[in-house]
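Q: Sequence lines, in order, name chains D and X.
For the first sequence, position 180 (counting from the first letter as 1) is numbered 180 according to full-length UniProt numbering, and the numbering increases by one without interruption.
For the second sequence, position 286 (counting from the first letter as 1) is numbered 286 according to full-length UniProt numbering, and the numbering increases by one without interruption.
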Amino acid sequence: MKTLAREQKLQHLYWRAGFGIPFRNDQARSGIKSAVRELFKSSGQAAPLQVALPHTETTGQADAQNADMRQKRQRERQQGFVLLNNAWLTQMATSQAQLREKMTLFWHGHFACRLREPRFALLQHNTLRQHALGKFPDLLLAISKDPGMLQFLNNQQNRKQRPNENFARELLELFTLGRGHYTEQDIKEAARAFTGWSYNPQGEFVFRARQHDRGQKTFMGKRGNFNGEEILQMIVENPRTAEFLTSKLYAFFVSEVPNPERIKALSSYFYETGYDIPKLLEKIFTAKWFYGTDVVGSKIKSPIELLAGLQRQFDVRYTDSRSPLVLQRALGQELFRPTNVSGWAGGRNWIDSSTLAFRLRIGPALLQDAALEVNLKPDDDTEPTAPRKRRQDGLRTVRAKASLSGLHQQLQNVKDRELIEKLSQKLLQVPLQPETAALLTQHIPAGATHDDKVTLLTLRLLSLPEYQLC
Amino acid sequence: MRAMATNSRREFIKMSALASGMLLVPNFLHGLDRSGLPLLASSNGKRLVVVQLSGGNDGLNTVVPYQNDLYYKARPTLAIPSREVLTLEKGLGLNPAMEKMRLLYDQGYVSVLNSVGYPNPDRSHFRSMDIWHSASASDEYLSTGWLGRYLDSLPAANHAAIEVDDTLSLALKGAQYTGIAVQDVKRFFQATNDQFLKQAAQAHAEEHAHHQVDYLYKTLIETQQSAGYLQEKTKVYRSKKDYPNGEFARHLKTIAELIASGVESRVYYASLTGFDTHVRQAGQQASLLRELSEGLYSFVDDLKQQQEFDNTVIMVFSEFGRRVAQNASNGTDHGTANNLFLIGGKLKQAGIYNEAPNLQDLDQGDLRYSIDFRNIYATLLNNWLDGNATSIISGKTQLLTGLL
Numbered sequence: 001m002k003t004l005a006r007e008q009k010l011q012h013l014y015w016r017a018g019f020g021i022p023f024r025n026d027q028a029r030s031g032i033k034s035a036v037r038e039l040f041k042s043s044g045q046a047a048p049l050q051v052a053l054p055h056t057e058t059t060g061q062a063d064a065q066n067a068d069m070r071q072k073r074q075r076e077r078q079q080g081f082v083l084l085n086n087a088w089l090t091q092m093a094t095s096q097a098q099l100r101e102k103m104t105l106f107w108h109g110h111f112a113c114r115l116r117e118p119r120f121a122l123l124q125h126n127t128l129r130q131h132a133l134g135k136f137p138d139l140l141l142a143i144s145k146d147p148g149m150l151q152f153l154n155n156q157q158n159r160k161q162r163p164n165e166n167f168a169r170e171l172l173e174l175f176t177l178g179r180g181h182y183t184e185q186d187i188k189e190a191a192r193a194f195t196g197w198s199y200n201p202q203g204e205f206v207f208r209a210r211q212h213d214r215g216q217k218t219f220m221g222k223r224g225n226f227n228g229e230e231i232l233q234m235i236v237e238n239p240r241t242a243e244f245l246t247s248k249l250y251a252f253f254v255s256e257v258p259n260p261e262r263i264k265a266l267s268s269y270f271y272e273t274g275y276d277i278p279k280l281l282e283k284i285f286t287a288k289w290f291y292g293t294d295v296v297g298s299k300i301k302s303p304i305e306l307l308a309g310l311q312r313q314f315d316v317r318y319t320d321s322r323s324p325l326v327l328q329r330a331l332g333q334e335l336f337r338p339t340n341v342s343g344w345a346g347g348r349n350w351i352d353s354s355t356l357a358f359r360l361r362i363g364p365a366l367l368q369d370a371a372l373e374v375n376l377k378p379d380d381d382t383e384p385t386a387p388r389k390r391r392q393d394g395l396r397t398v399r400a401k402a403s404l405s406g407l408h409q410q411l412q413n414v415k416d417r418e419l420i421e422k423l424s425q426k427l428l429q430v431p432l433q434p435e436t437a438a439l440l441t442q443h444i445p446a447g448a449t450h451d452d453k454v455t456l457l458t459l460r461l462l463s464l465p466e467y468q469l470c
Numbered sequence: 001m002r003a004m005a006t007n008s009r010r011e012f013i014k015m016s017a018l019a020s021g022m023l024l025v026p027n028f029l030h031g032l033d034r035s036g037l038p039l040l041a042s043s044n045g046k047r048l049v050v051v052q053l054s055g056g057n058d059g060l061n062t063v064v065p066y067q068n069d070l071y072y073k074a075r076p077t078l079a080i081p082s083r084e085v086l087t088l089e090k091g092l093g094l095n096p097a098m099e100k101m102r103l104l105y106d107q108g109y110v111s112v113l114n115s116v117g118y119p120n121p122d123r124s125h126f127r128s129m130d131i132w133h134s135a136s137a138s139d140e141y142l143s144t145g146w147l148g149r150y151l152d153s154l155p156a157a158n159h160a161a162i163e164v165d166d167t168l169s170l171a172l173k174g175a176q177y178t179g180i181a182v183q184d185v186k187r188f189f190q191a192t193n194d195q196f197l198k199q200a201a202q203a204h205a206e207e208h209a210h211h212q213v214d215y216l217y218k219t220l221i222e223t224q225q226s227a228g229y230l231q232e233k234t235k236v237y238r239s240k241k242d243y244p245n246g247e248f249a250r251h252l253k254t255i256a257e258l259i260a261s262g263v264e265s266r267v268y269y270a271s272l273t274g275f276d277t278h279v280r281q282a283g284q285q286a287s288l289l290r291e292l293s294e295g296l297y298s299f300v301d302d303l304k305q306q307q308e309f310d311n312t313v314i315m316v317f318s319e320f321g322r323r324v325a326q327n328a329s330n331g332t333d334h335g336t337a338n339n340l341f342l343i344g345g346k347l348k349q350a351g352i353y354n355e356a357p358n359l360q361d362l363d364q365g366d367l368r369y370s371i372d373f374r375n376i377y378a379t380l381l382n383n384w385l386d387g388n389a390t391s392i393i394s395g396k397t398q399l400l401t402g403l404l
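(1) So A227 (chain X) and F189 (chain X) are supposed to be a Cβ contact under 8 Å. How far apart are they, rounded?
(2) Let me know the secondary structure DSSP gives G31 (chain X) once reduced to three states.
(3) Helix, strand or coil: which one does DSSP assign to S261 (chain X)?
(4) Name the one or two DSSP bridge partners that R323 (chain X) has.
(5) What's the call for Q364 (chain X), buried or exposed, on a 16-neighbour Cβ count within 10 Å?
(6) With H, G and I counted as helix, E and B as strand and the rest as coil, what does DSSP make of G283 (chain X)?
(7) Would A201 (chain X) pass as a contact of I180 (chain X) if the rule is Cβ separation under 8 Å?
(8) Using alpha carbons as the reference points, say which of D:H443, D:L428 and D:Q442 lies closest to V213 (chain X).
(9) Return the bridge partner residues of H334 (chain X) from the DSSP annotation.
(10) Determine, for V51 (chain X), whether the minimum Cβ-Cβ distance to residues of chain C falls below 8 Å.
(11) Name, please, each residue of chain X whose Cβ falls closer than 7 Å to the Cβ of T339 (chain D).
(12) Quick one: using the 10 Å Cβ neighbour count with 16 as the cut-off for buried, is K41 (chain D) buried or exposed?
(13) Given that a residue counts as buried once 16 or more other Cβ atoms are within 10 Å of its Cβ, and exposed if not, what is E261 (chain D)?
(14) What residue does the alpha helix (DSSP H) around Y14 (chain D) start on, and which one ends it?
(15) Closer than 8 Å, CB to CB, is R391 (chain D) near chain X or not?
(16) Do we get a CB-CB distance below 8 Å when we pair residue 424 (chain X) with the residues of chain D?
(17) Are the beta-carbon atoms of K73 (chain X) and E294 (chain X) separated by less than 8 Å?
(18) For D381 (chain D), which residues of its own chain have a beta-carbon under 7 Å away from its beta-carbon, when the five flanking residues on both sides are left out?
(19) Going by DSSP in three states, W350 (chain D) sits in which element: helix, strand or coil?
(20) Using only CA atoms, which one of D:L84, D:Q96 and D:T339 lies nearest to E117 (chain D)?
(21) Would you identify the three-state DSSP class for S153 (chain X), choosing helix, strand or coil?
(22) Excluding the 5 residues flanking W384 (chain X) on each side, which residues of the same chain have their C-beta closer than 7 Å to its C-beta?
(23) Counting only Cβ pairs nearer than 7 Å, list the residues of chain X close to P465 (chain D).
(24) Among all the DSSP beta bridges, which residues are the ones paired with F373 (chain X)?
(25) So, at 6 Å on beta carbons, what are the nonlocal neighbours of N7 (chain X) in its own chain, with the 5 sequence-adjacent residues on each side left out?
(26) DSSP three-state label for S329 (chain X), please.
(27) Please state whether the Cβ-Cβ distance between L86 (chain X) and N61 (chain X) is less than 8 Å.
(28) Can you look up E38 (chain D) in the DSSP assignment and give me helix, strand or coil?
(29) Between the stretch 231-241 of chain D and the stretch 93-103 of chain D, do three or more beta carbon pairs fall short of 8 Å?
(30) Could you give the first and the last residue of the continuous beta strand (DSSP E) run that contains E165 (chain D)?
(31) Using a 10 Å radius around the Cβ and a threshold of 16 neighbouring Cβ atoms, would you call R9 (chain X) buried or exposed?
(32) Short of 7 Å Cβ to Cβ, which residues in the stretch 76-100 of chain D face chain X?
(33) Just to make sure I have the definition right: I need the residues of chain D whose C-beta is within less than 8 Å of the C-beta of K173 (chain X). Which are they?
(34) Note down, in chain order, all residues in the stretch 363-374 of chain D with a beta-carbon under 8 Å from any beta-carbon belonging to chain X.
(35) Could you check what DSSP says for P247 (chain D) in three-state terms: helix, strand or coil?
(36) Can at least three beta-carbon pairs, one atom from the stretch 128-135 of chain X and one from the stretch 289-301 of chain D, be found at a separation below 8 Å?
And the structure:
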């Protein structure tokens with residue numbers, strides 16, 4: 001196996017565990033071991049995401065009947081999601097706690113809820129953030145009692161007389177065991193155990209004892225008067241849950257091509273440590289295979305990785321707060337709006353002819369303050385299409401300011417003949433083919449200043465498919 | 001253009017072909033597949049045009065049960081008076097804004113399917129659309145679309161489906177093949193015509209050690225080629241038919257031009273948005289339905305003149321219908337089952353296909369479905385597109401008899 005230079009390894013680590021290395025920093029010349037240590041240290045604290053959402057009063061029945069009031073609420077909710085989206089994306093790009101941001105993104109796609117109320121979305125986000133790097137059983141319990149989750153999967157309607165299985169089903173199928181490792185009867189019995197798990201308008205968990213089914217249940221071969229907590233406990237006691245989670249984490253952090261042997265070893269370790277998430281991640285980030293050429297540069301950046309990465313590397317500042325959202329929706333991944341409860345499919349699902357063409361234009365456009373235009377499909381759940389303005393509704397223009405000064409500085413002493421090699425190593429996670437390098441050489445104007453050369457080459461490199469990989 | 005670095009004569013020829021605008025025909029839009037058969041011929045030359053009404057069209061005010069008292073009771077201010085309805089049969093009639101649709105109906109080109117839906121319906125626009133696109137059950141999550149899987153199932157590699165839009169719908173995404181989204185052929189061509197990228201893509205024609213790099217370049221080359229191919233193909237033909245104003249009709253016109261230019265795609269996709277009529281529905285829905293039927297009428301007329309209508313079936317659907325009762329804002333809220341139109345020159349059974357929706361036996365104020373939409377998909381796949389529904393639609397499907 002070819003070994004990578006230390007700098008390449010560090011870049012790889014930071015792309016996978018975070019959103020890349022910003023050029024403005026003079027990156028410490030540390031080794032992998034200490035970089036990994038530093039990564040966990042900077043993500044140790046779980047500071048909540050702070051967003052001042054527009055004040056929405058509880059909507060009474062009378063309000064709901066009033067068309068104008070209804071539209072006003074809708075606008076407020078829409079505005080709330082714009083604020084949430086901007087706040088989180090900016091935090092991904094700027095925060096020191098890179099691993100916590102990345103891990104929160106993972107859990108956001110894992111416990112994927114598409115909520116109506118920005119207030120509940122923020123609450124849920126901070127629950128994920130708080131437990132992102134803890135032990136999975138704690139996270140599972142917290143998210144199962146999260147008002148957004150209870151609402152999204154209809155547990156509010158799960159009552160003793162009329163059980164609603166939605167939460168129980170997704171809990172087993174998508175959150176813990178995975179398809180084929182439980183029976184329909186297990187779902188029914190688990191649903192009974194979660195009856196009465198509810199929330200109040202303030203967004204606090206409430207256990208409604210009168211709606212709870214205290215009767216005997218049979219779950220995964222055991223009998224007892226199980227409550228919700230006990231069901232969750234039994235689920236994490238099943239090693240299959242560790243396998244399921246480890247496979248997903250492997251796909252997210254390492255490669256979409258599963259490696260059964262590695263996953264098996266990792267998942268046993270995860271189980272033995274009581275589902276200690278940082279320990280599992282440390283094992284991955286310090287494994288030799290993590291830096292193998294079959295792993296480095298083998299992932300298609302998710303739209304969020306692409307956008308947060310650009311923002312992190314080039315100080316992108318959008319001139320309109322809706323712009324990041326527009327880009328995300330055009331590319332198929334909008335924060336706080338996962339496709340469905342199974343999350344984003346990822347990998348090659350990100351790519352089709354239009355998303356690829358758009359991806360290749362984004363980097364160069366943002367760096368040149370050029371307008372990017374795209375017609376978006378409507379999202380009637382959050383932004384009902386205005387009938388009369390319908391035709392303009394979909395067309396969005398994105399503009400932003402960005403800076404290359406960090407990159408200019410880092411490359412100021414690099415000689416012309418080494419420029420392409422050095423620059424492509426900084427920007428790309430896969431080696432540039434000699435033919436492409438030759439092509440780039442032809443595109444450097446002879447008389448340009450050193451900085452202009454760096455700029456021109458950067459624009460070209462960001463427009464290459466290779467930049468879409470990490 | 002600057003001199004190009006080339007490895008071999010072969011590449012040089014490729015690049016000069018690109019430079020001179022003589023574009024190579026892309027594999028997946030190639031008139032000939034690998035076994036040498038024309039693409040459309042393997043579906044007997046037939047094609048499907050899907051028209052999506054986004055937002056949840058109110059079916060009860062589209063195909064109106066104008067002889068049913070329950071309808072008038074449930075909608076004191078929103079019901080369409082029986083004297084205004086464009087009567088069809090079986091006690092049903094069209095919204096007065098749909099005169100052109102009635103003309104199509106009278107010529108035997110339209111089949112109306114009532115009460116189309118699925119078990120445990122979802123009232124979120126996004127999720128319900130997701131279900132319609134992926135053809136999943138409501139508790140099943142698929143990352144590919146039904147038409148995408150149809151593309152995957154075709155024997156020869158790379159066949160095309162075209163959506164007239166900037167972004168591609170899930171319906172057209174398969175595991176191996178995806179459709180292409182083209183809002184405007186010229187703009188699509190310009191957006192993919194970056195010379196540096198074209199050269200980079202050509203330089204990449206050889207295998208790369210990193211399979212993802214290969215995959216992205218392959219997609220890029222296909223996109224560039226199809227943009228060039230469509231540009232070449234549609235350069236000559238311009239529809240002479242008059243279409244109404246508006247984006248939707250323009251999109252249908254684009255489809256007609258692609259068809260008339262000999263582009264051999266089997267599936268086309270277009271959307272009309274704005275049907276989420278919670279408030280003051282009457283005027284808004286009427287103008288949308290007028291836009292829909294006038295657009296479709298011109299489209300059908302255009303295809304007929306090109307002798308292409310008999311090879312075409314148009315399916316018009318929405319992600320859900322609305323509740324039976326109106327709300328307090330002269331609108332309607334999200335409902336469940338809905339009607340769906342099939343339009344074509346060679347329908348076996350035109351007219352009202354099945355019974356009008358039952359307004360007596362409701363599920364908490366909502367219509368119960370009687371036709372699962374996946375059975376319509378299966379019928380289109382098997383009886384129209386020569387596909388194999390069993391491998392494309394999960395779960396048990398039943399073909400609708402006598403329709404296609």
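We put the CB at the ideal spot given by N, CA and C, even for glycine.
Everything numeric in this text was worked out from a predicted model, so none of it was measured.
A: Once the coordinates are examined:
(1) 5 Å
(2) With a pLDDT of 35 at G31 (chain X), under the threshold of 50, the predicted position of this residue should be treated as unreliable, though the coordinate-derived value follows. In this structure, G31 (chain X) counts as coil in the three-state DSSP scheme.
(3) coil
(4) The partner list for R323 (chain X) (beta bridge, DSSP) is empty, contrary to what the question assumes.
(5) exposed
(6) helix
(7) no
(8) D:L428
(9) X:R322
(10) Here chain C cannot be found, since the structure's protein chains are D and X.
(11) D130
(12) exposed
(13) exposed
(14) R6 to A17 is the extent of the alpha helix (DSSP H) around Y14 (chain D).
(15) Since pLDDT at R391 (chain D) reaches only 47, below the 50 mark, its modelled position is unreliable, and the value read off the structure follows with that caveat. Yes, R391 (chain D) lies at the interface with chain X (some Cβ there is under 8 Å from its Cβ).
(16) No answer is possible for residue 424 (chain X): it lies beyond the span of chain X, which begins at 1 and ends at 404.
(17) no
(18) none
(19) helix
(20) D:L84
(21) helix
(22) Excluding residues within five positions, the ones whose Cβ falls inside 7 Å are K46, L48, V313 and L404.
(23) V213, L216, Y217 and L220
(24) Beta-bridge pairing links F373 (chain X) to no other residue.
(25) For N7 (chain X), the predicted model reports a pLDDT of 36, less than 50, meaning its position is unreliable; a value from the coordinates is still stated below. Cβ neighbours of N7 (chain X) beyond the five flanking positions: none.
(26) coil
(27) no
(28) helix
(29) No, the stretch 231-241 of chain D is not in contact with the stretch 93-103 of chain D.
(30) Here E165 (chain D) belongs to no beta strand (DSSP E), and DSSP marks it neither H nor E.
(31) The pLDDT assigned to R9 (chain X) is 33, lower than 50, so where the model puts this residue is not dependable; a value taken from the coordinates is nonetheless given after this. With fewer than 16 Cβ atoms within 10 Å of its Cβ, R9 (chain X) is classed as exposed.
(32) none
(33) Ordered by position in chain D, the residues that pass the 8 Å Cβ test against K173 (chain X) are N349 and D352.
(34) For the stretch 363-374 of chain D, the beta-carbon criterion of a distance under 8 Å to any beta-carbon of chain X is satisfied by V374.
(35) The residue asked about is misnamed: residue 247 (chain D) is Ser in this sequence, not Pro. Three-state DSSP puts S247 (chain D) in a helix.
(36) Not touching, per the Cβ criterion.
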